[in-house]
Structure formats: C-alpha cells, structure tokens
Amino acid sequence: MIELRNVQKSFDNDSTFAVVDSSFSVERGELLGLIGESGCGKTTTLKMINRLEEPSHGSIYIDNQNVLERNPEELRRNIGYVFQGIGLFPHYSIRENVAAVPTLLDWNAEHIEARCREILDLVGLPIDDFGDRRPSQLSGGQQQRVGVARALAAEPDVVLMDEPFGALDPITRAELQEEFKRIQRELALTVIMVTHDMIEALLMADRIAVMKKGEILQIGTPRELINSPAHEYVKEIVEMPKRRADNLEKLMHP
Ligand SMILES: Nc1ncnc2c1ncn2[C@@H]1O[C@H](COP(=O)(O)OP(=O)(O)O)[C@@H](O)[C@H]1O
Ligand SMILES: [Mg+2]
C-alpha cells in the first residue's frame, strides 16, 4: 500500500542526512508506529510521503504509484494528515475545519454536511453542539479529535499522523488512543503514526519502526521487538515501559 525504497533526505546547505536510506512498507489496513527521539527524522519521513518535502534520493509508492509522478495537491487530498501540535484553522468553525478537504474536492454541499455530521459523531463531537464553534472554544482533547475528524473527512485510504495525541493529558490521551484504534480497525485505515511514546506505539501499532539519527534500526511487531531486539537502543526503548512499571510496583509494594 505504502512503500519507501531507499529514501534519503538532506536539507539545503546541510551535508548531514535527516533520513538515511529508509526502506519499509505498510500493508492495507495496517497501523505502523514510527518511533524515535526528537530530531531523528520522523516528521521528515511523514512529510515526504505526501510531498510536503521531497526526498533527495529514493522513491515512494502508494498503491504501486510513484508519488513523485503525482500532482502534489491532488495527492494530499487523498491522504489524511494529522499535524504535530493539532494545527486547526483558527478562524474556521469546527464544521469548516472538517469540511476543508471535501470542499477542495468539490463535494456537493449536502454530501459535505452529511459527512461532517457522521465524522464528528464518530469522534464524539456532535455537530449540533460543536459545529459552529471555533477551535479556541474547545479543550485540547476536543481540538485533537477535530484534527482526527478533519484528517478522515474525505475518506482517505492513507492517514499520516504526527504525534496525534502528544498535546494531551494522560487520561484524555489514553481515551483517544483506544478510540482511534477502534476507528482504525473499523474502517481498515492504513496509518503511519509518529510518536515518541513507546507505550502508545506498543498499544496501538501492528508493527513498529524504531528510528535513530535518520535511520530505521528495526521494524517488527511489538512482540518481535520485545522478544528479539536487534540493537541495544531498540532493547532499551522497548523495555522502558516495563522498567517504569517495575519501579512503580516497588514504590507501591515495598
Ligand atoms: N526544513 C528543514 N530545514 C533544515 N533542517 C530540517 C528541516 N526540517 C527538519 N530538519 C532537520 O532534520 C532533522 C529531522 O527533523 P524531524 O524530521 O522534524 O525530526 P522528528 O520529527 O523526529 O523530531 C532534524 O535535525 C531537523 O533539525
Ligand atoms: Mg516531529
């Protein structure tokens, strides 16, 4: 469904690579977690898939079609994107935010209204209560839900999410993670989700790609990474949640 072949990225006047020789694929209906510390190249990887950035080398295919041969605007309308830090249009109402891509796609008004109603219901924000508000009149968690609704509004096959739950308190975060996983399964969405939270990756992803300094160190199911980490770094980060749980256990039952 999505395939990266030997993708590299260096930015202008920079000799170092933000992404180093990255190759992986994501199957239809699969959720791939892309994890690594800040600055390791996660956002850059995501942006090359919908051509917000162009690779310096290599190629990217969606449904066997080279994205570099597609019109960037048209490509982006077919890919849902949840931006790092929410990124709603502040002067648009919630309804207008969700309707943004369907409007660009020239859906008729009735179809757009029906879809807004359906998708806002799906994320738990009934349009009659929330449709006319501005983003600033919503809580962080509600804004994040709108970000997800906006990304799904035009029924994309592929959804790219950049730390979609990063701005949330732990309780809202856990709630939205579970909800999104349910929606993703139900709609069989193909998703790449960037995160720096290993618990989030372990709980939500079918497979996890671990990145360090632009390089993908290992890619596998949560169980594969736990049972046979191929690098010390992978071992360290997959075991982090367990280590913390053990410390907590000691604190609670000394
Ligand atoms: N537009 C840009 N111009 C120059 N360097 C960039 C640009 N965007 C990202 N970088 C650099 O590329 C590297 C990877 O960044 P990014 O993909 O945003 O990391 P992550 O999302 O994993 O935190 C970083 O060193 C960052 O400074
Ligand atoms: Mg980032």
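Taking this note's numbering, the leading residue of the sequence shown gets 1070, the next gets one more, and so forth. By construction, the Cβ of each residue, glycine as well, lies at the ideal position given by its N, Cα and C atoms.
Your pair Met-1070 and Thr-1259 checks out as a contact, with CB atoms roughly 5 Å apart and the cut at 8 Å.
Note: Val-1260 is bridge-paired with Leu-1100, Val-1228 in the DSSP secondary-structure output. For the pair Val-1076 and Leu-1237, the Cα-to-Cα distance works out to about 32 Å. By the criterion of at least three beta-carbon pairs nearer than 8 Å, the region 1217 to 1228 is in contact with the region 1173 to 1193. With fewer than 16 other Cβ atoms inside 10 Å of its own Cβ, Ser-1205 counts as exposed. If you look at Asn-1133, you'll find it isn't in any beta strand (DSSP E); DSSP assigns it neither H nor E. In terms of side-chain proximity, the C-beta atom of Gly-1105 is found nearer than 7 Å to a non-hydrogen atom of ligand 1.
Within the same chain, and ignoring the five residues on either side of Glu-1099 in sequence, the residues whose Cβ sits closer than 8 Å to its Cβ are Met-1070, Thr-1259, Val-1260, Asp-1275, Arg-1276. Under the three-state reduction of DSSP output, Ala-1299 falls in the coil class, being neither helix nor strand. With contact defined as three or more Cβ pairs closer than 8 Å, the region 1206 to 1213 and the region 1126 to 1139 are not in contact.
Look at Phe-1249 here: in three-state DSSP terms it is helix.
Under the three-state reduction of DSSP output, Asn-1119 falls in the coil class, being neither helix nor strand. Look at Gly-1108: its beta carbon is less than 7 Å from one of the heavy atoms in ligand 1. Pairing Gly-1102 with Ala-1278, the inter-Cα distance amounts to about 6 Å.
In this structure Phe-1249 touches Val-1217 by the C-beta definition: roughly 6 Å separates them, less than 8 Å.
Annotation: the continuous beta strand (DSSP E) that includes Val-1151 extends over 1148 to 1151. Exclusion of the five residues before and after Thr-1114 leaves Val-1088, Ser-1091, Leu-1103 as the residues of its chain whose Cβ lies within less than 7 Å of its Cβ. The residue from Leu-1144, Phe-1086, Gly-1200, Asn-1177 with its alpha-carbon nearest to that of Pro-1124 is Phe-1086. DSSP places Leu-1073 in the uninterrupted beta strand (DSSP E) bounded by 1071 to 1078. In the three-state reduction of the DSSP assignment, Ala-1278 falls in the strand class, which pools E and B. The C-beta distance from Val-1167 to Ile-1148 rounds to 16 Å, too long to fall under 8 Å, and the pair is not in contact.
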